Structures are given as structure tokens and as C-alpha cells.
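*Asks:*
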Amino acid sequence: MELDGILFDKDGTLFDFRATWDRWAADLIADLAAGDAVLASAIAENIAFDLTRSEFMAHSPVIAGTSREAAECVARAMPDRDIDALEAQMNASAALAPLAPAVPLSPLLTELAGRGLKLGVMTNDSEESAQAQLTAAGIVSQFDFVAGFDSGFGAKPDPDPLLAFADQMELPPARIAMVGDSAHDLIAGRRAGMATIGVLTGIAVEADLKTLADVVLSDIGEIPDFLRRSVAS
103 MELDGILFDK
113 DGTLFDFRAT
123 WDRWAADLIA
133 DLAAGDAVLA
143 SAIAENIAFD
153 LTRSEFMAHS
163 PVIAGTSREA
173 AECVARAMPD
183 RDIDALEAQM
193 NASAALAPLA
203 PAVPLSPLLT
213 ELAGRGLKLG
223 VMTNDSEESA
233 QAQLTAAGIV
243 SQFDFVAGFD
253 SGFGAKPDPD
263 PLLAFADQME
273 LPPARIAMVG
283 DSAHDLIAGR
293 RAGMATIGVL
303 TGIAVEADLK
313 TLADVVLSDI
323 GEIPDFLRRS
333 VAS
């Protein structure tokens, strides 16, 4: 696998999904419900969040959905709330989420850039949240491209936002790898004609990803070794 660019998903890929977003969701539900146990249960049901275990269920639409889709799920339990205001509140909360990097990110990105690779992020979160979180993690300047579902290119699993990265970097899609923790990421990569690398720092297990990925790694920290083995072989 000889590459000129790598496009990363954000949540579950750069950042460990459960360590970051399970805690965020539990706090968000508590904040929105304001002590109303019935409302908290309804919100949790609509986003497929287990309140007892304080974790997302594997089938949650929030995992790979856009932030708008997440707000729409919550709004079903709060029909009196303005959807735009609710989405804005959730985005503001997400921008302050306690980030848990999947691996030490800056050294990894430095190593990959040192190989001459163009690096990007494409997330189904909003671009504002992505920029805020990457800035908080101290790595935003290490990416050549950052896009969210609202950046004007579309959302995964459509290939268009991935192809926008290829176009802006002036790279053929076949020389780019899409790296992600969900089927949405890898389907988008396949549709864009890119290589696909699955990682297990989200909720999906290897069996969920292996038919869509050229390789499944434990985390993105294994990418440099994988690339070295690929070139050697």
C-alpha cells in the first residue's frame, strides 16, 4: 500500500470513542433532563444510550451520524425544543468534550507527515466542533484539511467529502487511505476509490469492519509499521 495521503475520521479514530463520548452523552442527558428521570430515559432511548452502564449501544445512530442527526434523535424526546437551538447547544457541549486521544497524536502525525503524506480529517461532526477539538488537542496545525458534515462537501458514507480532500491535495484517490472505526467511514472510502484502514478504537469490532477494510488495526498508532511492512512486501 503506497500512499500519498491519509484521511482520518475523528471520533473513534483519532479519539477513543467510549472514553470521550460515553461520558459526554451521560453529562448531556443529565443537563437536558434537569432531574426529570422520565425525560432522561426518553432521550437515552432515542439515542440508544444505556443509562445503567453509561455507554452508547452498538446500534446508536449517534455513532456514525451527523451532529444534526444526533440533535434530531434527541428532539424526538423534546418536541417543544427548537431543533436549531438544540443542535447548537449539543455542538457547544461537544466542543468542550473531555478528549481521550487513541494514541499520542502529535508524534504520530509528525512521523506520517515526515513520510511526505498529506493529512486530513473528515468527520460527520460539525466543522466547528472538529476545529475546536483538534485545537484543544494541539494538533490542528498538523492537518492539511479539516471538514465536517456541514463544510459543503456532504457527509459519510457519501464519497464526496473524501474526494474533496483528494481534489484539494491534488492527489489521485487510489493513493489515499481513509482511516476510520465505522462502516460509514470505510464504505465512503470504498466509494471514493481509496484504500481503507479500519481501527478498533470505536464501538465496532473486527468482524464489523474486515469485509470493508484492506486491513484492520488495533489503533492508528499501528499505521507506520503497517506502511513499512506494505512497502517491504
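What the sequence shown shows, in the working numbering, is residues 103 to 335, in sequence order.
We put the CB at the ideal spot given by N, CA and C, even for glycine.
Please read all numbers here as calculations on a predicted model, not as lab measurements.
So, are the CB atoms of Phe117 and Phe158 less than 9 angstroms apart?
*Replies:* Not closer than 9 angstroms, so no.
*Asks:* By DSSP, does Gly323 sit in helix, in strand, or in coil?
*Replies:* Reduced to three states, the DSSP call for Gly323 is helix.
*Asks:* Between which two residues does the alpha helix (DSSP H) carrying Leu188 extend?
*Replies:* Its alpha helix (DSSP H) spans residues 185 to 197.
*Asks:* With DSSP collapsed to three states, give me the class of Ala297.
*Replies:* DSSP places Ala297 in strand when its eight states are reduced to three.
*Asks:* Out of Phe151, Arg155, Arg170, which one is the CA nearest neighbour of Ala257?
*Replies:* Of the listed residues, the one whose Cα sits closest to Ala257 is Arg170.
*Asks:* For Asp118, which three-state DSSP category applies?
*Replies:* Coil, per DSSP.
*Asks:* According to the neighbour-count rule (16 or more other Cβ atoms, all chains shown, within 10 Å of its Cβ), is Asp227 buried or exposed?
*Replies:* That one is buried.
*Asks:* I'd like to check one pair, Ala179 with Glu147: are the Cβ atoms closer than 9 angstroms?
*Replies:* It is a contact, given that the beta carbons lie within the stated cut-off.
*Asks:* Using CA coordinates, which residue listed in Pro326, Ala238, Pro200, Arg331 is at the minimum distance from Asp124?
*Replies:* Nearest of Pro326, Ala238, Pro200, Arg331 to Asp124, Cα basis: Pro200.
*Asks:* Using a threshold of 9 angstroms, state whether the C-beta atoms of Asp283 and Thr168 are closer than that.
*Replies:* Their beta carbons are not under 9 angstroms apart, which means Asp283 does not touch Thr168 by this criterion.
*Asks:* So which of Ala276, Asp321, Leu134 has the shortest CA-CA distance to Thr303?
*Replies:* Of the candidates Ala276, Asp321, Leu134, the one whose C-alpha sits nearest the C-alpha of Thr303 is Asp321.
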